[in-house]
Amino acid sequence: MHHSPEKQRASHINETVLFDARIMTIHVRYFASLREQFGCAEEQLSVDGIETVADVWSRVTEGQSVSAGSVLYAVNMAYAEADTSVDDGDEVAFFPPVTGGAN
Amino acid sequence: MISLRQGPFDPWKEIEAYQDIAFGHKGTFGATASFVGTMRNFNEGDRVCRMNLEHYPGMTEKHLEQIVAEARRRWDMLDALVIHRVGTIAPDEPIVLVAVWSVHRGAAFDACRYVMEELKSRAPFWKKELLAGGGDRWVEANTNGYQQF
Chain A
109 MHHSPEKQRA SHINETVLFD ARIMTIHVRY FASLREQFGC AEEQLSVDGI
159 ETVADVWSRV TEGQSVSAGS VLYAVNMAYA EADTSVDDGD EVAFFPPVTG
209 GAN
Chain B
-7 MISLRQGPFD PWKEIEAYQD IAFGHKGTFG ATASFVGTMR NFNEGDRVCR
43 MNLEHYPGMT EKHLEQIVAE ARRRWDMLDA LVIHRVGTIA PDEPIVLVAV
93 WSVHRGAAFD ACRYVMEELK SRAPFWKKEL LAGGGDRWVE ANTNGYQQF
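Top to bottom, those sequences are chains A and B.
Going by our numbering, the first residue of the first sequence is number 109, and it counts up by one from there.
Going by our numbering, the first residue of the second sequence is number -7, and it counts up by one from there.
Listed below in structure tokens is the structure:
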């Protein structure tokens, strides 16, 4: 059976996309003073070359004047470190030191 | 039980209601220790008229559950009730209640203190104060509850 040229091209494109499928979707959230500095509470990132929380941080702060001093991280709602690995579909949050409860 | 509240609550009525209705330890506890944190109308020399308490829905509850679970591992406690306000709070309103029930007082005192100190140092809450003189500011620092004065 003879494949149409369109079908062959479509299949080729699919293979290329699969081969380069390092693109991950990361749900990023910001809280408190960081939310104000970023000017948004959350954003969806579709990015490649991301392995750790630190990679996400450098990606979202590109071209932004956000102070990196004492930022805390969470991955999927659990405290994380800068070198914690990040996977496709993860929720990564950045926020300042917490000030809960009553002084 | 962990509960986050958008509106004011009466900590004493909450303790009574929890002990009377939701609680399966009647007759077995000999000690109840409680801590109530209330909003002040001043901070760092300024009059404060409102406070906005931001949290991380999902993570905040999860973190509070973990703190109580750790307290259960460390002390022989029967039950705990943690209620925390979120959103806009006015001076004189309770912000947080921690109550712990145990057979003897030692566990109740220590677990209550532990839950409160952990909550303050690690639970995702952020305070923003609205000053009576105008303007607002994020509260950056935290007091150490174990500090000796």
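The beta carbon of each residue, even a glycine, is placed where N, CA and C say it ideally should be.
Compare the C-beta of residue i with all C-beta atoms of chain B and state if any pair is closer than 8 Å.
i, result
"A:V136", "no"
"A:F203", "yes"
"A:F146", "no"
"A:S173", "no"
"A:S166", "no"
For residue i, is the classification buried or exposed, using 16 other Cβ atoms within 10 angstroms of its Cβ as the cut-off for buried?
i, result
"B:K119", "buried"
"A:R137", "buried"
"A:S154", "exposed"
"B:K112", "buried"
"B:T52", "buried"
With a threshold of 8 Å between beta-carbons, can residue i be considered close to chain A, or not?
i, result
"B:E85", "no"
"B:G50", "yes"
"B:M115", "The sequence given here has Ala at residue 115 of chain B, not Met. At least one chain A Cβ lies under 8 Å of B:A115."
Taking C-beta pairs closer than 8 Å, name the residues in chain A that residue i reaches, listed in chain order.
i, result
"B:R65", "Result: empty, since nearest Cβ-Cβ is about 18 Å, beyond 8 Å."
What is the C-beta distance between residue i and residue j, in whole angstroms, given that I count them as a contact (C-beta under 8 Å)?
i, j, result
"A:V183", "A:V200", "6 Å"
"B:S21", "B:L73", "Looking at the sequence provided, one finds Phe at residue 21 of chain B rather than Ser. That belief does not hold up - the Cβ atoms of B:F21 and B:L73 are roughly 12 Å apart, past 8 Å."
"B:R47", "B:P3", "Sequence check: residue 47 of chain B is His here, not Arg. The Cβ separation is near 19 Å, so there is no contact."
"A:V161", "A:T192", "5 Å"
Leaving out five residues on either side along the sequence, give the residues of the same chain with a beta carbon under 8 Å from the beta carbon of residue i.
i, result
"B:F34", "V40"
"B:R(-3)", "I75, H76, R77, V78"
"B:E57", "I(-6)"
"A:G157", "R130, D163"
What does residue i touch in chain A if you count any residue whose Cβ is under 7 Å from its own?
i, result
"B:K54", "M185"
"B:P195", "Outside the shown range of chain B, which is -7 to 141, sits residue 195 of chain B, and nothing can be said about it."
"B:V40", "Within chain A, no residue comes near B:V40; the closest Cβ sits about 11 Å away, beyond 7 Å."
Between which residues of its own chain and residue i is the CB-CB distance below 7 Å, once the five residues before and five after are set aside?
i, result
"B:P0", "E85"
"B:T80", "R42, N44"
I'd like the list of long-range same chain contacts for residue i, defined as Cβ closer than 6 Å, with 5 residues on each side in sequence excluded.
i, result
"B:A124", "R39, C41"
"B:G29", "I87, V88"
Who are the neighbours of residue i on chain B, taking C-beta pairs under 7 Å?
i, result
"A:A140", "E46, W118, W130"
"A:A182", "M51"
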